[in-house]
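Engineer: Chains as they are written, first to last, in the working numbering: chain A, 26 to 340; chain B, 26 to 340.
Even glycine gets a Cβ: it sits at the ideal position worked out from N, Cα and C.
Number of protein chains: 2
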Amino acid sequence: MAITVVGSVAFDTIETPAGRMERCLGGAATYFSLSASFFTDVRVIAVVGEDFGKRQEAVFQAHKIDMRGIEHTAGKSFFWEGSYLENLNEAKTHVTDLNVFASFNPKIPDAYRDSEFLFLANIDPVLQKRVRESMPGVKLVAGDTMNYWIKDHRPALLEVLKGLDILLINDTETKMLAGNNNLTQSARAVMALGPKALVVKHGEYGATLFHSDTPVGDLANRRIGFGPRIFRAPAMPLEKVIDPTGAGDSFAGGFFGYLASQPEQSLSAFRHAMFYGSVMGSFACERFGTERLQKLTRAEIDSRFNLFRELTHLD
Amino acid sequence: MAITVVGSVAFDTIETPAGRMERCLGGAATYFSLSASFFTDVRVIAVVGEDFGKRQEAVFQAHKIDMRGIEHTAGKSFFWEGSYLENLNEAKTHVTDLNVFASFNPKIPDAYRDSEFLFLANIDPVLQKRVRESMPGVKLVAGDTMNYWIKDHRPALLEVLKGLDILLINDTETKMLAGNNNLTQSARAVMALGPKALVVKHGEYGATLFHSDTPVGDLANRRIGFGPRIFRAPAMPLEKVIDPTGAGDSFAGGFFGYLASQPEQSLSAFRHAMFYGSVMGSFACERFGTERLQKLTRAEIDSRFNLFRELTHLD
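1) Using a Cβ-Cβ cut-off of 8 Å, state whether A293/A counts as contacting chain B.
2) Buried or exposed for Y173/B, going by 16 or more other Cβ atoms inside 10 Å?
3) Is there a Cβ of chain B sitting closer than 8 Å to that of H50/A, yes or no?
4) Between which two residues does the beta strand (DSSP E) containing T209/A stretch?
5) Scan the region 137-185 of chain B and note each continuous alpha helix (DSSP H) run of 4 residues or more that stays entirely inside, going in chain order.
6) Quick check on the DSSP output: the alpha helix (DSSP H) that includes K200/A runs from which residue to which?
7) For the beta strand (DSSP E) holding M92/A, just list the boundary residues, first then last.
8) Is I255/B close to chain A? Criterion is C-beta to C-beta, closer than 8 Å.
9) Can you list the residues of chain B that R312/A reaches, using a CB-CB cut of under 8 Å?
10) Is V241/A buried or exposed, if buried means 16 or more other CB atoms sit within 10 Å of its CB?
11) The beta strand (DSSP E) with R334/B in it runs from where to where?
12) Can you give me the start and stop residues for the beta strand (DSSP E) that F235/A sits inside?
13) Helix, strand or coil for K117/A per DSSP?
14) Which chain A residues sit within Cβ distance under 8 Å of E229/B?
15) Can you confirm whether the region 253-266 of chain B touches the region 180-196 of chain B when touching is taken to mean that 3 or more C-beta pairs between the two stretches lie within less than 8 Å?
16) Within 8 Å (strictly less), CB to CB, does H88/A reach chain B?
17) Look up T55/A in the DSSP assignment and say whether it is helix, strand or coil.
18) Let me see if you follow: with CB-CB separation under 8 Å, is E346/A close to chain B or not?
19) Do you know offhand how far N2/A's Cα is from A167/A's?
20) Select from I191/B, S140/B and I90/B the residue whose C-alpha is nearest the C-alpha of P161/B.
21) Rank R317/B, F300/B and M305/B by C-alpha distance to the C-alpha of H338/A and give the top, closest one.
22) Which whole-angstrom value describes the C-beta separation of R48/A and F57/A, a residue pair presumed to lie in contact below a C-beta threshold of 8 Å?
23) Let me confirm a value: S328/B is counted as buried when at least 16 other C-beta atoms fall within 10 Å, else exposed. Which label applies?
24) Determine the burial state of T41/B: buried for a count of at least 16 other Cβ atoms within 10 Å of its Cβ, exposed for fewer.
25) In the DSSP assignment, what residue or residues form a beta bridge with G410/A?
26) Which bits of chain A does P220/B rub up against, with CB to CB less than 7 Å?
27) What would DSSP say about K226/B, mapped onto helix, strand or coil?
28) Can you check whether the C-beta of H348/B is within less than 8 Å of a C-beta belonging to chain A?
29) By the 10 Å Cβ neighbour count, where 16 or more other Cβ atoms means buried, how is V304/A classified, buried or exposed?
30) How should K117/A be labelled, buried or exposed, when 16 other C-beta atoms within 10 angstroms of its C-beta is the threshold for buried?
31) Whole angstroms is fine: what's the gap from K89/A's alpha carbon to I95/A's?
32) Can you tell me whether D177/B is buried or exposed, with buried defined as 16 or more other CB within 10 angstroms of its CB?
33) At a CB distance below 8 Å, what residues from the region 316-340 of chain B approach chain A? Give them in sequence order.
34) Whose CA, out of A61/A, I39/A and T55/A, lies closest to the CA of F323/A?
35) Assign V120/A to one of two classes, buried (16 or more other C-beta atoms within 10 Å of its C-beta) or exposed (fewer than that).
36) Are the CB atoms of C310/A and P269/A within a distance shorter than 8 Å?
Set out below in structure tokens:
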């Protein structure tokens with residue numbers, strides 16, 4: 026089943042201990058789309074400037090990603106510059122130029138309207154809500170956000186959370202959103218704000234799926250712990266992290282892409298989706314920008330999935 | 026098969042967000058012994074003062090722990106006071122009174138000499154080495170250490186590492202010992218110092234087993250990743266952590282106790298041992314001091330083991 030994703034398509038200049046890369050193709054919607062495209066059809070809603078040309082389009086085309094929702098407008102695309110020189114787990118932002126993104130007003134092509142899955146990547150919650158409301162027919166809605174919206178745009182964000190089936194954020198964001206230092210308590214509090222399932226990404230330690238008693242889609246009703254029901258996927262302990270940019274969006278793409286590819290969103294599908302999310306996040310870190318995702322094959326994905334199973338399964 | 030453990034038996038005054046407990050029975054050897062006693066016979070080598078009486082002895086006796094190696098001497102037992110008010114993952118030490126521990130010279134009872142497993146809990150590496158050399162017949166030796174010995178007693182510690190089969194430490198200690206910020210690279214570097222296997226404890230994120238090509242005991246020779254071979258066990262996302270003191274020692278007790286209970290130390294035994302370690306570490310956090318371990322049953326342990334399997338296994 027097809028996924029529509031709304032989010033940023035951007036250029037990133039990135040510095041890590043492995044080197045520096047100028048103006049790679051980036052943006053949450055880009056990483057998400059490339060990652061999800063290995064599992065299902067993906068349709069993007071975004072805005073780009075005149076610097077987004079044939080070379081960038083070719084990256085999406087090579088993965089059969091529907092670009093009819095990418096609006097081309099006068100000016101420059103969203104630009105971000107950041108470094109991970111001190112800490113590979115957290116980017117230090119040097120430049121954020123919103124450019125054409127500053128006046129982004131998402132338009133949904135008619136051809137996207139039968140999408141059954143919707144992903145609201147990390148953008149202004151006001152826009153997330155607008156897109157969500159424009160697509161009332163979707164079956165499952167997932168979304169991301171960040172510390173900036175949690176701190177300074179809380180009322181708008183709370184409106185978005187009410188309409189989400191699945192929220193994917195990291196540890197710090199979960200605790201910040203809940204105003205609590207305990208992850209499990211925070212997860213419970215965040216789910217009380219709307220999301221029926223919460224995926225908390227722990228970076229190099231993997232990710233945890235929390236889900237409530239309320240079935241998400243056809244999510245089976247199985248109690249696997251005290252407190253919210255939980256499932257934990259590992260991350261690959263990587264010998265070398267080249268560039269962590271986009272790892273979270275790539276996780277989301279693998280997770281949601283796999284879910285959308287399944288006939289039903291059972292508990293088993295959610296568990297496998299967590300693994301595929303981790304797999305895609307680990308690949309994203311292996312080269313600068315989207316380079317690794319661009320060259321990936323489904324065989325490599327499945328081989329790493331099996332490695333993750335070996336990494337965590339007793340027998 | 027029996028385990029001999031050398032380490033501290035102490036009194037701890039602990040403050041956490043859940044409250045304050047004065048002079049609980051503590052010490053690495055205490056947590057380790059109680060935890061391992063659910064799996065195999067345990068023999069302790071330690072020193073205590075006159076404040077260690079019938080009430081404390083009864084705790085060991087209730088778990089059939091051999092106390093013939095606990096030396097009673099004039100003075101007070103090792104005392105530690107710490108708090109976790111700001112950070113549940115890291116204790117702030119207020120008082121460390123070595124007391125009788127300052128002149129500890131481990132004596133090994135003859136009855137301990139046929140032990141096939143030896144655990145060197147976190148004490149002065151000079152003493153760890155002395156005990157290791159006094160028991161040349163052991164089959165498998167595991168040990169722990171801490172930042173203090175890594176920083177200020179490195180030469181003595183390196184001597185100990187040469188004779189270790191398994192080292193159990195946390196993320197920070199691993200990176201500090203290797204002088205490297207990447208965990209997998211650090212694990213490789215630490216194993217080059219001697220240990221054939223390394224268990225890195227990640228607190229609430231579980232633990233990772235790294236093992237080299239060299240078989241540890243009968244450890245099967247199976248490649249499960251690039252870099253060192255790896256296995257990851259989860260931790261229980263706890264709704265409430267009452268007191269994290271001793272969680273690492275309890276992990277070590279569950280891990281090594283389970284290994285010692287098995288007919289052979291195969292890769293499968295190591296994997297199950299990682300899970301039992303995590304299980305015991307999670308129980309330790311549920312009450313102050315050793316309270317939870319004292320009242321635990323094997324049925325509760327196995328039930329949580331199954332929960333951990335559910336938490337991580339796809340099917």
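Structural biologist: In terms of the structure at hand:
1) Numbered from 1 along the first sequence, position 268 holds the residue referred to as residue 293/A. Per the sequence shown, residue 293/A should be read as Ser rather than Ala. Chain B contact via Cβ: present.
2) On the second sequence, residue 173/B is found 148 positions in, with the first residue counted as 1. So Y173/B counts as exposed.
3) The residue given as residue 50/A occupies position 25 in the first sequence. Here residue 50/A is Leu; the residue named in the question, His, does not match the sequence. Not an interface residue.
4) Start at 1 with the first residue of the first sequence, and residue 209/A comes out as number 184. No beta strand (DSSP E) holds T209/A; the alpha helix (DSSP H) holding it covers L208 to M216.
5) 150-159 and 172-177
6) Walking along the first sequence from the start, residue 200/A turns up at place 175. Segment D196 to A203, the alpha helix (DSSP H) holding K200/A.
7) Translated into positions along the first sequence, residue 92/A becomes position 67. M92/A -> beta strand (DSSP E) spans D91 to H97.
8) Taking the second sequence and counting its residues from 1, one reaches residue 255/B at position 230. It does: the Cβ of I255/B has a partner Cβ on chain A nearer than 8 Å.
9) Your numbering for residue 312/A matches position 287 in the first sequence. What R312/A touches in chain B: nothing, since even the nearest Cβ is about 15 Å away.
10) Start at 1 with the first residue of the first sequence, and residue 241/A comes out as number 216. Only weak support is given to the placement of V241/A: the predicted model assigns it a pLDDT of 40, under 50, and the value that follows is read from those uncertain coordinates. When all chains shown are included, V241/A counts as buried.
11) Locating residue 334/B in the second sequence gives position 309, where the first residue counts as 1. Note, R334/B: premise wrong, no beta strand (DSSP E); alpha helix (DSSP H) at R323 to T337.
12) By one-based count along the first sequence, residue 235/A stands at place 210. A232 to H236 is the extent of the beta strand (DSSP E) around F235/A.
13) Numbered from its first residue, the first sequence carries residue 117/A at position 92. If DSSP states are grouped into helix, strand and coil, K117/A belongs with the strands.
14) Taking the first residue of the second sequence as position 1, residue 229/B is located at position 204. Near E229/B (Cβ distances below 8 Å), the residues of chain A are L208.
15) no
16) Along the first sequence, one-based indexing puts residue 88/A at 63. Chain B contact via Cβ: absent.
17) Counting from one through the first sequence, the residue named residue 55/A turns up at place 30. Three-state DSSP puts T55/A in a helix.
18) In this structure chain A extends from 26 to 340, so residue 346/A is not present and cannot be described.
19) Here chain A comprises residues numbered 26 to 340, so residue 2/A is not present and cannot be evaluated.
20) Position 136 of the second sequence holds residue 161/B. Minimum Cα distance to P161/B is reached at S140/B.
21) In the first sequence, the residue the question calls residue 338/A occupies position 313. Comparing Cα-Cα distances from H338/A to each of R317/B, F300/B and M305/B, the minimum goes to F300/B.
22) The residue given as residue 48/A occupies position 23 in the first sequence. The residue given as residue 57/A occupies position 32 in the first sequence. Incorrect: roughly 20 Å between the Cβ atoms, too far for contact.
23) Working through the second sequence from its first residue, we reach residue 328/B at position 303. Its Cβ having fewer than 16 others within 10 Å, S328/B is exposed.
24) What you label residue 41/B is simply residue 16 of the second sequence in a count that begins at 1. By the neighbour-count rule (16 or more Cβ atoms within 10 Å), T41/B is buried.
25) Absent from the structure is residue 410/A, since the part of chain A shown begins at 26 and ends at 340.
26) The sequence position of residue 220/B within the second sequence is 195, counting from 1. Here the premise fails: no neighbours, minimum Cβ distance about 17 Å.
27) In the second sequence, the residue the question calls residue 226/B occupies position 201. Three-state result, K226/B: strand.
28) Absent from the structure is residue 348/B, since the part of chain B shown begins at 26 and ends at 340.
29) Translated into positions along the first sequence, residue 304/A becomes position 279. V304/A is buried by the Cβ-count criterion.
30) For the purposes of this step, residue 117/A is taken as residue 92 along the first sequence, with counting starting at 1. By the neighbour-count rule (16 or more Cβ atoms within 10 Å), K117/A is not buried but exposed.
31) Residue numbering aside, residue 89/A sits at position 64 when the first sequence is read from its first letter. Residue numbering aside, residue 95/A sits at position 70 when the first sequence is read from its first letter. C-alpha separation (whole angstroms): 14 Å.
32) Sequence index remark: in the second sequence, residue 177/B carries index 152 (1-based). The residue is exposed, with fewer than 16 neighbouring Cβ atoms inside 10 Å.
33) L332, R334, E335, L336, T337, H338, L339 and D340
34) For the purposes of this step, residue 323/A is taken as the residue at position 298 of the first sequence. According to the sequence provided, residue 323/A is Arg. The question's Phe does not apply to it. Answer by Cα proximity: A61/A.
35) For the purposes of this step, residue 120/A is taken as the residue at position 95 of the first sequence. Answer is exposed; the Cβ neighbour count stays below 16.
36) Walking along the first sequence from the start, residue 269/A turns up at place 244. Walking along the first sequence from the start, residue 310/A turns up at place 285. For P269/A and C310/A, yes; Cβs fall inside 8 Å.
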